[in-house]
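Asker: Sharing a structure with you now.
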Amino acid sequence: MLSRADNEILTRTGPDTLMGKLFRSYWLPVALAEEVASPDSPPVRIKVLSEELLVFRDSEGKVGVIEPRCPHRGANLFFGRNEEGGIRCAFHGWKFSVMGECLDMPTLEPASVPRMCEKARIKAYPAQEWGGYIWAYMGGEDFPPPLPHMEFALVPASHRHVSKKFQECNWAQAAEGGVDTAHFSFLHQPLAESDDQLAERAARATRGYSTQTMGPDHVQWMRDDARPRYEVRKHASGLVLGASRRASAGHAYWRIAQYLMPSHGYTPSATPGQTYHGQTWIPIDDESCWVYVYSWNPLRPLTDEEIEGYRSGGAVYPAMDDQWMPLRNRSNDYLIDRRIQKLENFTGIVGVSEQDAAIQDSQGRIADRTRELLGPTDIGVVQFRRLMLAAAKGVAAGTPPPGVESADSYRVRAGGIVADASLGFDDVMRERFGHALGEF
Amino acid sequence: MLSRADNEILTRTGPDTLMGKLFRSYWLPVALAEEVASPDSPPVRIKVLSEELLVFRDSEGKVGVIEPRCPHRGANLFFGRNEEGGIRCAFHGWKFSVMGECLDMPTLEPASVPRMCEKARIKAYPAQEWGGYIWAYMGGEDFPPPLPHMEFALVPASHRHVSKKFQECNWAQAAEGGVDTAHFSFLHQPLAESDDQLAERAARATRGYSTQTMGPDHVQWMRDDARPRYEVRKHASGLVLGASRRASAGHAYWRIAQYLMPSHGYTPSATPGQTYHGQTWIPIDDESCWVYVYSWNPLRPLTDEEIEGYRSGGAVYPAMDDQWMPLRNRSNDYLIDRRIQKLENFTGIVGVSEQDAAIQDSQGRIADRTRELLGPTDIGVVQFRRLMLAAAKGVAAGTPPPGVESADSYRVRAGGIVADASLGFDDVMRERFGHALGEF
Amino acid sequence: MLSRADNEILTRTGPDTLMGKLFRSYWLPVALAEEVASPDSPPVRIKVLSEELLVFRDSEGKVGVIEPRCPHRGANLFFGRNEEGGIRCAFHGWKFSVMGECLDMPTLEPASVPRMCEKARIKAYPAQEWGGYIWAYMGGEDFPPPLPHMEFALVPASHRHVSKKFQECNWAQAAEGGVDTAHFSFLHQPLAESDDQLAERAARATRGYSTQTMGPDHVQWMRDDARPRYEVRKHASGLVLGASRRASAGHAYWRIAQYLMPSHGYTPSATPGQTYHGQTWIPIDDESCWVYVYSWNPLRPLTDEEIEGYRSGGAVYPAMDDQWMPLRNRSNDYLIDRRIQKLENFTGIVGVSEQDAAIQDSQGRIADRTRELLGPTDIGVVQFRRLMLAAAKGVAAGTPPPGVESADSYRVRAGGIVADASLGFDDVMRERFGHALGEF
């Protein structure tokens, strides 16, 4: 439960907000690289942290994230022509580089151009392509921090898949879904008349995700223990969150997630050798967000089958249209099927991503955290809020945000393991990752 | 004409309004029983008096009208699973009864459940099935009043038909249409080149309604006397409103409506033996309402033909889609046909319900009653406003609302009669109903 | 660049605004005459300067522009029946003339009608049909000024074509597009690999407009001189704005526009004998406007080919649906084609009107003029703003608005000419129009 004031701080990310300043301290993914695929390809309108921006790639392949407003008469550069080293306004031909420099002002006498060009510089955020995404640094400092060394961006392109999905609620409640691994025992659960049916029903409810990450035993453990025990450790770039469930005699099934500043989450299921998944929640405005979704395998290229599955909806990916809008969404109640909810799975909705979206969106455009009844399985959510609120208030007070200066503090992993029930969390971490905080 | 302040009181029915408190003193229909047809059927989202609620029927057939918000993390119980005695939240499995009791909290240690369950009680309004509708009592008292003994709910199910229709304006102007029986001489009038054509044209304009309740003479009397004389009597549960028109020599054609607290209206046409009709206006919010529409015959079951007529649009029922949205509505100007308006009926719109909706909606989302020019035929409207404003102000001052404690004060009828022109209203009432106020 | 206060004055035209008062000093086109084509034809809802009004034509062919609200109970007269000398409210039959007089009150005792009729007068603006449009005078004075003697309204009906188009931005930035003739060198420019291709590409980009008004030389001059020299002269009813570009040796290509109060603009291309075009920007509200578009030839009837071209989209007319909504509009990014923008024309959008709308709408619903960098080619825009702001402030101070009392001050022309480079603007005007200000 939060005070109204803290709920506002947590959820508001516009230009003059505390949380907005915290987000702006980090590099953020703002588009898929494929959206501006080639030199001089069409510019793309984006909205990030309530700011309307334009992404484009110039003739040399450099990427720009700029204010879309031409300083001459205020026309939108989206309609401009992306040509020979810059984007040229369609109204009177003023031209701008990816850095926001004014390169040409054909309506002015040549003599006055140099002086006027200085005044005509437009806001441009440092931008880079990294791991299949376009990233921008929307902070005000001259020198942006290093890009975070998240593993999906470090592996060869053949070893990863990246996409995004639209979500119709505030970023924070979506992110809370990522640190709350307890809900798997309900939201994503299959229903079955016998244990024999369970694995197959789970596969159908999660569109194959459960079979990629769990055996039939795991599904039963998830169903049978709705009260995982949480352990949370803070580290340089965020939190590692472990939750253990009773497994076969003398064993515990641990699912270990990572939350990395400001809004990256790694899912907790993968066992060694399996493909990892992550999500990054980037506010469009305070009532919707893009979830950048990615998968990677450090050991091998992704298979065609994996990629086809991600593209058509599966694992952490919803089935989407060509604008990355999930086909099951708020407007159609996620195609909930009440007969399936009676007989086959707990929600009547198909797909892990869709089930998450349904329940997170249902908390309201912006969840009201002033009325809640939190318990032991909500420890992850509580720690997430403390981390974010402390960091946001810290930035305002001049404290450097966690992890921002250390690219390598992002070199951590998340995943699952069945361990001896007597082992403590630190030992489990060492067994699974070779490091108590998951560093690699 | 009302002051701005009184217009606000009349039209605003949210939680902290005077009129809202008055409405909340009574049982209100909030859904069709068929919307939650069977035990454990899917829950249904409703909005009543600006409150978002959830209706569901539990495994034993009991009906619940509850706040849809799970007190754990604020997820919406609409996505919950209706199962074994309650609805279970899809996020983490907390479960609630139709009374709002928390029945299960699987994410908590069993020892802490009893104490937490107390805190996790959700708002639930007393709910009952009655006359084919689900009714809720949204007042704060422990003991709700008795259900109103309206005749349509007292007769056997075979003797009634119930439905509802969506209307895109404030409840009060729609209700005013029900007490204003003078408008029939215009809004619902046919046009004809000769009197011979009149009855057939009326039938077409009203989609058969006129032939069910009037002979050709009645249609002419309605056309020829646009200034009915009004008589209004207050009784325990509301108002009875008579309006007389000149009929054949020495006779008067009386049409007598009932208005019952807080927002039920009976139509004035039925002669003895004919089927009666009623409407109840329940605010969704201040700019739209559900009109619960019902028909009943105390003497016999409704015929298949009657029911088929009501279902496809006729009498007081519009043609609707399967979500009870009239096919002729604000968005399409009620399919007004200007050629028909020239030649066949006064509005160019087909259907009594549709004609009412068109003109009521046209008064604005919330009619501005600070600029009006009322006359003698508006006496019904004036008395309705006085009744409602006095009752709303009375409730705030501690006066019990009219009729609320007396179920039998709702045992009244409305209808039409051709009477000797010399008879006063009380005698006409006795002749038509055997009682001066229409009691039966 | 304007102060925030002046930008508000320039753009706000509701009932109690300075610019709104200025607009209300003039006759304004408010509908096409064809929208109320014949006596007793259906009434038409319009919104002008943020006021909701109703246009109708009575049995004698007289046109009314009235407040649509029946003073009885506030029903909308749009649903009324237009019959025998007035429009009759569909609710209770009150009837009103084109002058706003109440003609009948059938629900009242005849004795009280005369007194009540006085009170029941509704607001009606003087209205006239003129040049194919319905014009209204929305000022408060008893005696409206004369209608402006704009040439398109003076020529025989066979010599003109009139239409309108919907535009989704504030009126002023659309009007600024009309006085800014410099943008033709970019917004409407073709792209070509060789000069030989240029004229044909221009024709395609402008959907034939360029070939109607320019030879191949003109297209090249437009492309090659992006810095036209501006000359602006104030006259009794507005401004004449000349812009010259370098042409063949020793010559200048002049394009001369007229801006007439309060919001009429004549396009600058026509050479003697060619058909003229004009646009009048009338605010619907502050975020959208109707652009009344017209073409006329003082010397001859328009040809079928011309009219067919205007109807299907060409010259200053966009391709539209039957509600005058351009098919290329804000909602579909004007069907911008990025391949065409690379290869064939500067915007990738087809049509002069569509190109204008795209860039004007892109300035925002209401352009922010507090951040601009104006230069010499923006002199027309600057003079337009000065004229409008001075006139609006003048009206508030009691100064008569420019031109309002002189119908003949609107007898001016605009157009293009290739003149000797040594001639000054006044001499060029005399050569092209026989008068230094374009009077005829």
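Quick note, the sequences are listed as chains A, B and C, same order.
Count along the first sequence from 1, then add 6; that gives the number in this note's numbering.
Count along the second sequence from 1, then add 6; that gives the number in this note's numbering.
Count along the third sequence from 1, then add 6; that gives the number in this note's numbering.
Ideal Cβ placement from N, Cα and C applies to all residues, glycine included.
As the structure is a prediction and not an experimental result, all values here were calculated from the model.
1. With a CB to CB cut of under 6 Å and the five nearest residues on each side skipped, what residues in its chain are close to Pro324/C?
2. Would you mind telling me which residues of chain C sit closer than 8 Å to Ile342/B, beta carbon to beta carbon, in chain order?
3. Could you tell me whether the Cβ of Leu114/B comes closer than 9 Å to any Cβ of chain A?
4. Please return the same chain residues whose Cβ sits closer than 7 Å to the Cβ of Asp201/A, not counting the five positions on each side in sequence.
5. Which residues of chain C have a Cβ atom closer than 8 Å to the Cβ of Glu237/B, listed in chain order?
6. Whose CA, out of Arg51/A, Thr376/A and Pro45/A, lies closest to the CA of Arg10/A?
7. When you compare the CB positions of Arg233/C and Thr113/A, do they come within less than 9 Å of one another, or not?
8. Using a C-beta to C-beta distance shorter than 7 Å, which residues of chain A count as neighbours of Arg63/B?
9. For Phe102/C and chain B, any beta-carbon pair shorter than 9 Å?
10. Report the residues of the segment 320-333 of chain A with a CB closer than 8 Å to any CB of chain C, ordered along the chain.
11. Find the nearest neighbour of His78/A within the set Leu429/C, Ala402/C, Pro406/C and Pro382/C, judged by alpha-carbon distance.
12. Identify, in the order they occur along the chain, each residue of the same chain with its Cβ nearer than 6 Å to the Cβ of Gly86/B, setting aside the five sequence neighbours on each side.
13. According to the Cβ coordinates, are Gln134/B and Val238/B closer than 9 Å?
14. Within the 9 Å Cβ cut-off, does His98/A reach chain C?
15. Given His194/C, which residues of its chain have a CB within under 7 Å of its CB, disregarding the five upstream and five downstream residues?
16. Just grab the DSSP bridge partners of Tyr215/B for me.
17. Is it buried or exposed, Lys27/B, if we count other Cβ atoms within 10 angstroms and call 16 or more buried?
18. Measure the alpha-carbon distance for Ser216/C versus Ser103/C and round it to whole angstroms.
19. Residues of chain C with CB closer than 8 Å to the CB of Asp426/B, please, in chain order.
20. Which residues in chain A sit within 7 Å of His192/C, going by Cβ to Cβ distance?
21. Short of 6 Å in beta carbon distance, which residues of its chain neighbour Gly256/C, apart from the five on each side in sequence? Order them along the chain.
22. If we cut at 9 Å on Cβ distances, does Thr212/C have a partner in chain A?
23. Relative to the alpha-carbon of Ile423/B, which residue among Ala249/B, Gly91/B, Gly137/B and Leu245/B has its alpha-carbon at the smallest distance?
24. For Gln329/B and Tyr298/B, I'd like the C-alpha separation in whole angstroms.
25. Taking 8 Å as the threshold, find out whether the segment 306-325 of chain A comes into contact with the segment 181-200 of chain A through three or more Cβ pairs.
26. Determine the DSSP secondary structure at Ser294/C, reduced to helix, strand or coil.
27. What residue from Lys53/C, Ser47/C and Glu73/C has the CA that sits closest to Phe6/C's CA?
28. Mind checking Ala420/C: buried by the 16 CB within 10 Å criterion, or exposed?
29. Between Gly386/C and chain A, is the shortest Cβ-Cβ distance under 9 Å, so that the two count as touching?
30. Could you check where the alpha helix (DSSP H) with Ser368/C kicks off and where it finishes?
31. Helix, strand or coil for Tyr416/B per DSSP?
32. Roughly how many angstroms lie between the CA atoms of Gly444/C and Arg166/C, to the nearest whole one?
33. Using a beta-carbon distance cut-off of less than 9 Å, what residues from the segment 372-403 of chain C approach chain A?
34. Assuming Cys95/A is part of the alpha helix (DSSP H), what are its boundary residues?
35. Taking the straight line between their C-alpha atoms, what separation do you get for Cys175/B and Pro222/C?
36. State buried or exposed for Pro120/C, treating a residue as buried only when at least 16 other CB atoms are found within 10 Å of its CB.
Answerer: Quick answer:
1. Residue numbering aside, residue 324/C sits at position 318 when the third sequence is read from its first letter. Non-local C-beta neighbours of Pro324/C in its own chain, meaning closer than 6 Å and more than five positions away in sequence, comprise Lys171, Pro332, Gly357, Ser359 and Glu360, ordered along the chain.
2. Position 336 of the second sequence, counting from 1, holds the residue named residue 342/B. Counting only Cβ-Cβ distances below 8 Å, Ile342/B has contacts in chain C at Phe85, in chain order.
3. Here residue 114/B refers to the residue found at position 108 when the second sequence is read from its first residue. Interface residue, yes.
4. Within the first sequence, numbered from 1, the residue matching residue 201/A stands at position 195. The answer, listed in chain order, is Gln226.
5. Here residue 237/B corresponds to residue number 231 of the second sequence, with the count starting at 1. Within 8 Å Cβ-Cβ: nothing; Glu237/B doesn't reach chain C, min ~17 Å.
6. Taking the first sequence and counting its residues from 1, the one referred to as residue 10/A is at position 4. Ranking Arg51/A, Thr376/A and Pro45/A by CA distance to the CA of Arg10/A puts Thr376/A first.
7. For the purposes of this step, residue 233/C is taken as residue 227 along the third sequence, with counting starting at 1. For the purposes of this step, residue 113/A is taken as residue 107 along the first sequence, with counting starting at 1. A Cβ-Cβ contact shorter than 9 Å links Arg233/C with Thr113/A.
8. The residue labelled residue 63/B in the question sits at position 57 within the second sequence. Neighbours of Arg63/B on chain A: none; closest Cβ ~13 Å, over 7 Å.
9. Reading the third sequence from its first residue, position 96 is the one you call residue 102/C. Closer than 9 Å: no.
10. Among the residues of the segment 320-333 of chain A, none has a Cβ less than 8 Å away from any Cβ of chain C.
11. By one-based count along the first sequence, residue 78/A stands at place 72. Ranking the options by Cα distance to His78/A, first place goes to Pro382/C.
12. Against the second sequence, residue 86/B aligns to sequence position 80. Here the set comprises Ile93, Arg94, Cys95 and Ala96.
13. Taking the second sequence and counting its residues from 1, the one referred to as residue 134/B is at position 128. Taking the second sequence and counting its residues from 1, the one referred to as residue 238/B is at position 232. The criterion of a C-beta distance shorter than 9 Å is not satisfied by Gln134/B and Val238/B.
14. Counting from 1 along the first sequence, the entry for residue 98/A is found at position 92. At a cut-off of 9 Å, the C-beta of His98/A has a neighbouring C-beta in chain C.
15. If you number the third sequence from 1, residue 194/C lands on position 188. Short of 7 Å from the beta carbon of His194/C, and not among the five residues preceding or following it, lie these beta carbons of its own chain, in chain order: Ala211, Thr212, Val358 and Gln361.
16. Against the second sequence, residue 215/B aligns to sequence position 209. Beta-bridge pairing links Tyr215/B to no other residue.
17. Locating residue 27/B in the second sequence gives position 21, counting from the first residue. Lys27/B is classed as buried because its beta carbon has at least 16 other beta carbons within 10 Å across all chains shown.
18. For the purposes of this step, residue 216/C is identified with residue 210 of the third sequence, where counting begins at 1. For the purposes of this step, residue 103/C is identified with residue 97 of the third sequence, where counting begins at 1. Roughly 47 Å between the two C-alpha positions.
19. For the purposes of this step, residue 426/B is taken as the residue at position 420 of the second sequence. Within chain C, no residue comes near Asp426/B; the closest Cβ sits about 24 Å away, beyond 8 Å.
20. Walking along the third sequence from the start, residue 192/C turns up at place 186. The sequence given here has Phe at residue 192/C, not His. Within chain A, the residues near Phe192/C are Ala96, Phe97, His98 and Gly99.
21. Residue mapping note: residue 256/C aligns to position 250 of the third sequence, counting from 1. Only residues of its own chain outside the window of five on either side were considered, and among them Ala427 have a CB closer than 6 Å to the CB of Gly256/C, listed in chain order.
22. Stepping through the third sequence from its first residue, residue 212/C is reached at position 206. Answer no: the Cβ-Cβ gap between Thr212/C and chain A never drops below 9 Å.
23. Here residue 423/B refers to the residue found at position 417 of the second sequence. When each option's Cα is compared against that of Ile423/B, the closest is Ala249/B.
24. Working through the second sequence from its first residue, we reach residue 329/B at position 323. Working through the second sequence from its first residue, we reach residue 298/B at position 292. Cα to Cα, the separation comes out at about 13 Å.
25. The segment 181-200 of chain A and the segment 306-325 of chain A do not touch, with fewer than three beta-carbon pairs separated by less than 8 Å.
26. Counting from one through the third sequence, the residue named residue 294/C turns up at place 288. If DSSP states are grouped into helix, strand and coil, Ser294/C belongs with the strands.
27. Given that chain C is displayed from residue 7 to residue 446, the structure contains no residue 6/C and the question cannot be resolved.
28. Numbered from 1 along the third sequence, position 414 holds the residue referred to as residue 420/C. Answer is buried; the Cβ neighbour count reaches 16.
29. Numbered from 1 along the third sequence, position 380 holds the residue referred to as residue 386/C. By the rule that beta-carbons nearer than 9 Å mark a contact, Gly386/C does not touch chain A.
30. Counting from 1 along the third sequence, the entry for residue 368/C is found at position 362. Here the alpha helix (DSSP H) through Ser368/C covers Val358 to Ser368.
31. The count along the second sequence starts at 1 and reaches residue 416/B at position 410. Correct three-state label for Tyr416/B: helix.
32. Translated into positions along the third sequence, residue 444/C becomes position 438. Translated into positions along the third sequence, residue 166/C becomes position 160. The C-alpha of Arg166/C is placed about 20 Å away from the C-alpha of Gly444/C.
33. Under the 9 Å Cβ criterion, the segment 372-403 of chain C contributes Ala373, Asp374, Arg375, Arg377, Glu378, Leu379, Leu380, Gly381, Pro382, Thr383, Asp384 and Val387.
34. Position 89 of the first sequence, counted from the first residue, corresponds to residue 95/A. Looking at the DSSP string, Cys95/A is not in any alpha helix (DSSP H), and its letter there is neither H nor E.
35. In the second sequence, residue 175/B corresponds to position 169, counting from 1. In the third sequence, residue 222/C corresponds to position 216, counting from 1. Approximately 60 Å, taken between the alpha carbons.
36. Within the third sequence, residue 120/C is the residue found at index 114, counting from 1. By the neighbour-count rule (16 or more Cβ atoms within 10 Å), Pro120/C is not buried but exposed.
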